[in-house]
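When you line the first sequence up against the numbering used here, it's residues 68 to 582, in that order. Yeah, the Cβ is synthetic: ideal placement off N, Cα and C, and Gly gets one too. To keep things clear, I will list the structure first and then write my remarks on it.
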Amino acid sequence: MTETSSNESAAPDEASGSEQSSSSGMIAPRDFDIPYRFDVTATTAALHAEYDELEDGAETGKTVSVAGRLMLKRDQGKIVFGVVQDGGGRIQIFAPAKTTPDFEGFASLMLGDWIGVTGEVIKTRRGELSIRPSAWTVLAATRRAFPDKWHGISDPDTRYRQRYVDMWVSEESNKTLRDRSRIMSLTRRWLEDRDFMEVETPTFHSIASGAMARPFTTHHNALDMDLFLRIAPELYLKRLTVGGFERVFEVARVFRNEGISTRHNPEFTMLELYWAYADYTDIMELVENLVSHLAVEITGGTTIDYDGRELDLAAPWKRASMIELIAEHTGLELSVDMDRDALAAIAAEQGVEVKDHYGTGKLILEIYEKTTESAIWGPVFVTDYPKEVSPLSREHRSEPGLTERFEAIVAGRELCNAFSELTDPDEQLARFEGQEADREAGDAEAMGMDMDYIRALEYGLPPTGGLGIGMDRLVMLLTGSTTIRDVVLFPTLRPEQVTGADHASDAGDDTSGDD
RNA sequence: GGGCCGCUAGCUCAUCUGGCUAGAGCAGGGGACUUUUAAUCCCAAGGUGCCGGGUUCGAGCCCCGGGCGGCCUACCA
């Protein structure tokens with residue numbers, strides 16, 4: 068309501084004497100000298116690690132400074148108990164009137180305020196590790212009412228839109244998001260230990276290629292040209308292998324203009340790596356070793372519980388070809404050499420919506436996805452995809468019509484996609500042409516032709532194994548999250564509708580006015 | 001994109017088939033309390049029931065339209 072909030076007088080609420088305007092959840096500005104820095108000498112986690120074994124009532128004589136957000140306050144009259152939360156945990160502040168500077172001020176702090184506390188580490192008579200302040204300072208005075216201190220925020224919409232609240236009010240959200248960061252870090256370290264180097268390739272692509280998906284389109288004004296946000300970094304990374312970078316990886320934010328669901332965010336993080344002189348069996352070993360390593364680091368073991376079901380991620384993982392798996396689950400003995408129309412009839416029987424331009428390879432993939440994929444819990448490497456649906460994969464060394472490609476199915480969903488890379492420029496050109504034909508037949512997700520990539524291949528790509536892992540899904544798996552939104556810091560949502568209540572915030576809600 | 005469901009105080013939730021002035025807890029305000037653990041106790045305050053129409057003597061509840069979200073489904077990872 069008021070635009071002039073920075074002026075000191077809190078006149079509007081003076082009459083009632085209340086600091087929190089009850090209708091908006093806003094708290095009137097309070098007057099504190101906020102320091103420019105604060106010397107933190109201990110984290111709550113470190114203090115618990117060092118002093119949890121103290122006897123009840125013990126005093127250590129050690130003075131420390133902690134900082135964090137006031138999460139609980141129990142005003143006992145002549146003693147105030149506060150609970151401060153920092154990045155790694157919580158600790159109690161034991162503040163008796165007798166020894167606490169500006170005791171009245173301390174007692175009137177609000178939940179949600181950031182404070183810095185300096186004092187002796189003690190254990191209360193009741194056995195709670197605490198700091199008894201000899202000095203304290205406000206580091207940020209909250210202007211917004213604290214959420215329910217027991218339930219936090221349960222409304223999913225608010226949790227995702229106001230992640231900056233969710234992540235300190237919900238221990239579970241906090242842990243999941245920190246685990247994501249650890250997983251990314253551990254992955255990088257693991258790959259670097261194996262001589263992979265991290266690279267960054269363009270996000271703007273003039274050709275949408277490297278995967279089958281619809282791109283987002285944008286426009287560059289100075290060049291007056293349309294550009295696509297990348298759907299995969301694949302073709303750039305393989306150019307690097309042509310250039311002599313033998314082991315590269317990229318943690319690539321990619322963008323796909325498709326639906327949003329519990330497993331799909333329009334922008335997501337794909338780890339891609341390329342390994343010269345390796346084939347897809349090497350990549351399988353890499354994947355099972357990396358994932359089981361991460362499982363141990365994050366969950367403490369390779370057997371995890373996901374969505375109420377057990378999953379054993381210990382290497383090695385089962386390997387089976389797509390055609391074998393279809394036979395196992397349906398009894399159907401299929402082959403890419405079958406008569407196309409006969410196969411189309413079988414596919415239709417299985418409920419596949421058959422389109423005219425589907426060849427036998429595409430039909431087999433459709434049958435697999437319809438009948439078999441969802442029945443697999445995994446982990447299992449599904450190998451040897453049809454050539455028709457794998458335009459960047461090298462043909463199988465002993466199974467014509469198939470490729471040396473696999474996907475790992477874990478917890479019933481696709482975790483990664485990998486293959487022995489197609490290295491022959493003539494063959495690659497022919498595959499691209501096949502994609503062009505699909506596009507003309509109406510397949511909006513067909514891969515774009517990239518002649519510069521063909522030129523790169525003409526300079527020579529050695530045998531190379533390549534991999535793409537959906538890191539968001541890997542994080543979901545390892546943190547037990549059943550929706551991708553819980554592992555993305557700020558998931559894609561529709562713009563928030565600005566309501567009357569939100570206007571009370573005054574602070575420049577200028578996101579409105581877009582229809 | 002399709003189907004089903006939801007939206008009540010700053011937060012977490014009630015309000016039974018349409019019917020008195022829409023209730024609690026927490027947070028916030030006032031007061032009590034020298035070892036609390038979601039502290040407790042007393043007092044007062046807090047509502048455009050998502051928005052807009054309609055039906056009705058009467059709508060938080062029924063109907064229509066819109067907004068946002070959740071789940072399922074489709075495409076994808």
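Pull up the DSSP beta-bridge partners for residue i, would you.
i	result
L340	F316 and L534
T108	For T108, which the question treats as bridged, DSSP gives no partner whatsoever.
T397	The partner list for T397 (beta bridge, DSSP) is empty, contrary to what the question assumes.
E377	D372
D519	According to DSSP, which records beta bridges pairwise, D519 is partnered with nothing at all.
A162	V147
K385	V447
I198	I160 and V188
W203	V184
P558	Answer by DSSP bridge pairing: none, since P558 is not bridged.
L469	P453
V321	F335
E265	F316
E259	DSSP, once it has assigned bridges, lists no residue as partnering E259.
S8	In the structure as shown, the chain starts at 68 and stops at 582, and residue 8 therefore has no counterpart that could be examined.
H272	F295
Grab the span of the beta strand (DSSP E) containing residue i for me, first residue to last.
i	result
V150	I146 to D153
E481	R480 to S487
S132	E126 to D142
I189	W181 to K190
L294	M292 to L296
T285	T284 to H287
Roughly how far, in whole angstroms, is the beta-carbon of residue i from the beta-carbon of residue j, given that I think they are within contact range, below 8 Å?
i	j	result
S197	F170	Actually they are not in contact, since the Cβ atoms of S197 and F170 sit about 16 Å apart, beyond 8 Å.
M337	A299	7 Å
K437	G418	6 Å
T546	V555	About 12 Å; that fails the 8 Å criterion.
L534	E364	No, L534 and E364 are not in contact; Cβ-Cβ is about 20 Å, not under 8 Å.
If you drop the 5 nearest sequence neighbours on each side, which residues of the same chain put their C-beta closer than 7 Å to that of residue i?
i	result
E466	D451
W257	L357 and H360
G426	R407 and E455
L302	S276, G277, D517 and Y520
D581	With a pLDDT of only 29 at D581, under 50, the local geometry of the prediction cannot be trusted, and the value read off the model is given with reservation. Counting only Cβ-Cβ distances below 7 Å, and skipping sequence neighbours, we find P562.
E355	A382, P383 and W384
D379	T369 and T370
D404	G468
Could you name the residues of the same chain whose beta carbon sits closer than 6 Å to that of residue i, not counting the 5 residues immediately before and after it, in chain order?
i	result
I596	No information on residue 596 is available, as it lies outside the stretch 68 to 582 that the chain covers here.
G515	I274, A275 and S276
I431	L401 and P453
A381	S359 and T369
S457	T470 and R472
V421	A411, A414 and A415
How would you write the range of the alpha helix (DSSP H) that residue i sits in, first residue to last?
i	result
E474	Careful: E474 lies outside any alpha helix (DSSP H), inside the beta strand (DSSP E) at R472 to V477.
H331	Counting along the chain, H331 falls outside any alpha helix (DSSP H), and DSSP gives it neither H nor E.
H424	Unbroken run through H424: none, as it is neither H nor E.
H360	Y347 to T366
M234	R230 to V236
K216	K216 -> no alpha helix (DSSP H), and no H or E assigned at all.
F99	Per DSSP, F99 belongs to no alpha helix (DSSP H) and is neither H nor E.
K305	E301 to V309
I499	Correcting the residue identity first, residue 499 is Phe in this sequence and not Ile. Looking at the DSSP string, the run of the alpha helix (DSSP H) that includes F499 is P492 to E507.
L410	R407 to E416
E171	F170 to A174
Spatial neighbours of residue i within its chain, please: CB distance less than 8 Å, with the 5 preceding and 5 following residues excluded, ordered by chain position.
i	result
L294	F271, H272, S273, T284, T285, H286 and H287
E474	F448, V449, Y452, E481, L482, C483, N484 and A485
V236	P214, G219 and I220
A82	Interpretation of A82 is limited by its pLDDT of 35, a score under 50 that renders its predicted location unreliable; no figure is taken from the coordinates.
N241	M234 and W235
S460	Y452, K454, T470, E471, R472, F486, S487, E488 and L489
K216	M138, L139 and L178
At least 3 beta-carbon pairs within less than 8 Å: the segment 262-269 vs the segment 295-313: yes
Are three or more beta carbon pairs between the segment 515-531 and the segment 549-559 nearer than 8 Å? no
Hey, is the segment 129-148 in contact with the segment 185-192, meaning 3+ C-beta pairs nearer than 8 Å? yes
Do the segment 486-501 and the segment 538-548 touch if we need at least three Cβ pairs shorter than 8 Å? no
Closer than 8 Å is the cut-off here; do at least three beta carbon pairs connect the segment 151-158 with the segment 102-119? yes
Is the segment 173-185 touching the segment 221-228, taking contact as three or more C-beta pairs under 8 Å? no
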